[in-house]
Amino acid sequence: MLEFVAFDSFGVKSMCTKIVSEDLRILIDPGIAIETNSFPLPLLDRMTLVRRYERRIRNAVKDCDVIILTHYHYDHHIPEGDLYRGKKLLIKHPTENINKSQKNRARYLLSQVNAEISHADSHEFNFGNTKIRFTEPLWHGVKNTRLGFVIATIIEHEKKIFYTSDLDGPLLGEYVDMIIEEAPDVLIVDGPATYLLGYIMSYKNLEKSIANLKKIIENVDFELMILDHHLLRDYRYPDLLSDVYETARNLDKKVISAAEHVGKRPMVLEGYEKFGPTKWKEWKKA
31 MLEFVAFDSF GVKSMCTKIV SEDLRILIDP GIAIETNSFP LPLLDRMTLV
81 RRYERRIRNA VKDCDVIILT HYHYDHHIPE GDLYRGKKLL IKHPTENINK
131 SQKNRARYLL SQVNAEISHA DSHEFNFGNT KIRFTEPLWH GVKNTRLGFV
181 IATIIEHEKK IFYTSDLDGP LLGEYVDMII EEAPDVLIVD GPATYLLGYI
231 MSYKNLEKSI ANLKKIIENV DFELMILDHH LLRDYRYPDL LSDVYETARN
281 LDKKVISAAE HVGKRPMVLE GYEKFGPTKW KEWKKA
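The opening position of the sequence shown corresponds to residue 31 in the working numbering, with each subsequent residue numbered one higher.
Structure follows, in structure tokens:
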């Protein structure tokens, strides 16, 4: 069973995913943060959504056996040691291939957590017929980014699930090749951070992300790609990534948000239609 607990398409910064096999219950990245002011919902509405989905995340943590932390940004982990009491934690290494900010956050979390902890980078863990594998540390976006590293997660049971964590696109060609070689049945992809376009994300890197996503769609025979997280913070995303969605339609591939997977409309589009534009006032819907 695959459950999308909290995602940006629901209206909160998160990528929290629950996977249940016959052997165990796994929760990836139980974190949450409020959407920025560019998200087309009033502050009170955004705060209400955070409270709602934080409860869902906390309940999911209680229900799961294994908790995976792919890095230490707050939209990927709740920094409360007691929350993980008695769980098995598979975590991004807290002192190696990590920037100062995330190292401090990891130190804070681990100083208070009472759980069985394993460093996951480049390692494999087996639980009955369920295999959990982790990549080596991968750049959070472009090479040498100050955002540091994450680890992607591959879970194999009856199907193979590839969870990118924060690759920002993916942006790097070698990560695209890795995904193609893995040939997963289900992909959970964070997408480019277009809400930061022209600031942290360049137009050139957006072009790279689009080309890379198209390459994955063309070369992986997947059942489902969830394209969400960073991308679903921007109400312009259907137009900005129109080439990606057109490629998927032409190849009869299912590329949708977590909200759409559960029969809901992405919150960023609902907010735009109800409250109008935020920072991109000159943009016109195609």
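We treat Cβ as the ideally placed atom computed from N, Cα and C, and that holds for glycine.
Report task. Give, in chain order, every unbroken run of the alpha helix (DSSP H) that is at least 4 residues long and sits entirely within the stretch 251-284. Result -> Along the length of the stretch 251-284, whole alpha helix (DSSP H) runs at least 4 residues long occupy 267-270, 272-280, reported in chain order.
Query raised in the report: Under three-state DSSP, which class holds N174?
Result: For N174, the three-state secondary structure derived from DSSP is coil.
**Report entry** One or two residues paired with C46 in a DSSP bridge
**Finding:** Among the bridge pairs identified by DSSP, C46 is matched with A36.
Report task. Confirm, please, whether the CB-CB distance from D151 to I184 is below 8 Å. Result -> No, these two residues do not count as a Cβ contact at 8 Å.
Query raised in the report: Roughly how far, in whole angstroms, is the beta-carbon of D215 from the beta-carbon of K190, given that I think they are within contact range, below 8 Å?
Result: 5 Å between Cβ atoms; contact.
Query raised in the report: Exposed or buried, A136, counting other C-beta atoms within 10 Å across all chains shown (16 or more means buried)?
Result: Within 10 angstroms of the beta-carbon of A136 lie 16 or more other beta-carbons, which makes it buried.
Query raised in the report: Of all the options K284, L79, T308, which has the alpha carbon lying nearest to the alpha carbon of I218?
Result: Checking every option, the nearest Cα to that of I218 belongs to K284.
**Report entry** V13 and I286 closer than 8 Å at C-beta
**Finding:** The requested residue 13 is not part of the displayed model; the chain covers only 31 to 316.
Query - Proximity of G41 and H106 at Cβ, strictly below 8 Å - result: Cβ distance not < 8 Å, so G41 and H106 don't count as in contact.
Requested in this report: Might you give, ordered along the chain, the residues of its own chain that have their beta carbon closer than 6 Å to the beta carbon of I256, omitting 5 neighbours on each side?
Outcome: Here the set comprises I218, A288.
Requested in this report: Assign Y85 to buried or exposed, taking buried as 16 or more other Cβ atoms, counted over all protein chains shown, within 10 Å of its Cβ.
Outcome: This sequence places Arg at residue 85; Tyr is not what is there. By the Cβ neighbour-count rule, R85 is exposed, with fewer than 16 other Cβ atoms within 10 Å of its own.
Report task. State the CB to CB distance for the pair I97 and Y114, rounded to an integer number of angstroms; the pair is presumed to be in contact (CB under 8 Å). Result -> The beta carbons of I97 and Y114 sit about 6 Å from each other, so the pair counts as a contact at 8 Å.
Query - First and last residue of the uninterrupted alpha helix (DSSP H) at T183 - result: Unbroken run through T183 is the beta strand (DSSP E), 183-186; no alpha helix (DSSP H).
Query raised in the report: What span of residues does the beta strand (DSSP E) with V216 cover, start to end?
Result: From DSSP, the beta strand (DSSP E) with V216 extends over 216-219.
Query raised in the report: Is K118 helix, strand or coil when you go by DSSP?
Result: DSSP places K118 in the strand class (E or B) of the three-state scheme.
Requested in this report: Give every residue of the same chain whose Cβ lies closer than 6 Å to the Cβ of A90, excluding the five residues on either side of it in the sequence, and list them in chain order.
Outcome: Once the five neighbours on either side are set aside, the close Cβ partners of A90 are V35, K48, L57.
Query raised in the report: Which runs of the beta strand (DSSP E) spanning at least 3 residues fall entirely within the stretch 107-155, listed in chain order?
Result: Taking only runs of at least 3 residues, the beta strand (DSSP E) segments lying wholly in the stretch 107-155 are 118-121, 146-149.
Query - Inside the stretch 62-97 only - alpha helix (DSSP H) runs reaching at least 4 residues - result: Fully enclosed alpha helix (DSSP H) runs of 4 or longer: 73-93.
Query raised in the report: Measuring CA to CA, which of G203, P72, L32 is closest to K244?
Result: Nearest of G203, P72, L32 to K244, Cα basis: G203.
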